[in-house]
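Undergrad: Sharing a structure with you now.
Numbering (this note's numbering), first residue to last: 16 to 187.
Take a look at the structure:
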């Protein structure tokens, strides 16, 4: 029988300690907590890229059934994070597009920045319906500037939103 060595429940993890130590940050500080939570969020995306590759072309289609399934797994992590972090932190939702079309508005074309912002806002509204406070969510559009690693820039899987916890500017 193979024996696994177990140390007494390390709190906080070695990764958190080393990440914090590299910046001389207390592992219980909001910054260290956000770093730890962002590690959990780094693979979160909507649409998930599996059951649904990405948003439809030039759309911000958050479908109730699909989002409901997605949020069963992901909303609790988001709520937990917001509960652990001070009000100066918010969930940052970043919308993304594929590399088809111009980045900025051009003639009749609205541009990728427009569609990425539309997607981030559509997911924000869906999360508000799931009980996430509106004042703890900020959105931004990245256009096609952050494609999924290893994918063609025009792949539909690039049409997504991603999530992270960040300090938010004071709400006006």
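Cβ atoms here follow ideal geometry from the backbone N, Cα and C, with glycine treated the same way. Please read these numbers as outputs of a predicted model, since none were measured by experiment.
Taking residue 179 and residue 70 to be in contact with their CB atoms under 8 Å, please state how far apart those CB atoms are, rounded to whole angstroms.
TA: For this step, residue 179 is matched to residue 164 along the chain shown. For this step, residue 70 is matched to residue 55 along the chain shown. In fact, because the Cβ distance is near 19 Å, the residues do not count as touching under 8 Å.
Undergrad: If distances are taken between C-alpha atoms only, which option among 141, 151, 170 and 181 comes closest to residue 64?
TA: For the purposes of this step, residue 64 is identified with residue 49 of the chain shown, where counting begins at 1. Closest option to residue 64, Cα to Cα, is 170.
Undergrad: Which runs of the beta strand (DSSP E) at least 3 residues long sit entirely within the region 49-81? Give them in chain order.
TA: Listed in chain order, nothing qualifies, since the region 49-81 has no complete beta strand (DSSP E) run of 3 or more residues.
Undergrad: Under three-state DSSP, which class holds residue 106?
TA: Sequence index remark: in the chain shown, residue 106 carries index 91 (1-based). Residue 106: strand per DSSP, three-state reduction.
Undergrad: Is the CB-CB distance between residue 139 and residue 154 below 8 Å?
TA: Counting from 1 along the chain shown, the entry for residue 139 is found at position 124. Counting from 1 along the chain shown, the entry for residue 154 is found at position 139. Contact: yes.
Undergrad: Taking residue 97 and residue 60 to be in contact with their CB atoms under 8 Å, please state how far apart those CB atoms are, rounded to whole angstroms.
TA: Your numbering for residue 97 matches position 82 in the chain shown. Your numbering for residue 60 matches position 45 in the chain shown. No, residue 97 and residue 60 are not in contact; Cβ-Cβ is about 19 Å, not under 8 Å.
Undergrad: Going by the beta-carbon positions, is the gap between residue 135 and residue 109 smaller than 8 Å?
TA: Indexing the chain shown from 1 puts residue 135 at position 120. Indexing the chain shown from 1 puts residue 109 at position 94. Yes; because the gap between Cβ atoms is below 8 Å, this pair is in contact.
Undergrad: DSSP state of residue 174, grouped into three classes?
TA: On the chain shown, position 159 is the one that residue 174 refers to. Note: residue 174 maps to coil in three-state DSSP.
Undergrad: Would you say residue 103 and residue 183 are within 8 Å of each other, going by their C-beta atoms?
TA: Here residue 103 refers to the residue found at position 88 when the chain shown is read from its first residue. Here residue 183 refers to the residue found at position 168 when the chain shown is read from its first residue. The answer is yes: Cβ separation under 8 Å.
Undergrad: Whose C-beta lies closer than 6 Å to the C-beta of residue 28 among residues of the same chain, with five residues either side of it excluded?
TA: Counting from one through the chain shown, the residue named residue 28 turns up at place 13. Bear in mind that a pLDDT of 46 at residue 28, under 50, signals an unreliable position, so the number given afterwards is only what the model happens to contain. Once the five neighbours on either side are set aside, residue 28 has no close Cβ partner at all.
Undergrad: Once DSSP output is grouped into helix, strand and coil, what is the label at residue 115?
TA: Here residue 115 is taken as the residue at index 100 of the chain shown, counted from 1. Correct three-state label for residue 115: coil.
Undergrad: Which term fits residue 149, buried or exposed, when burial requires 16 or more other beta carbons within 10 angstroms of its beta carbon?
TA: Working through the chain shown from its first residue, we reach residue 149 at position 134. It counts as exposed.
Undergrad: Where do the N-terminal and C-terminal ends of the alpha helix (DSSP H) with residue 139 fall, by residue?
TA: For this step, residue 139 is matched to residue 124 along the chain shown. That run of the alpha helix (DSSP H) goes 127-144.
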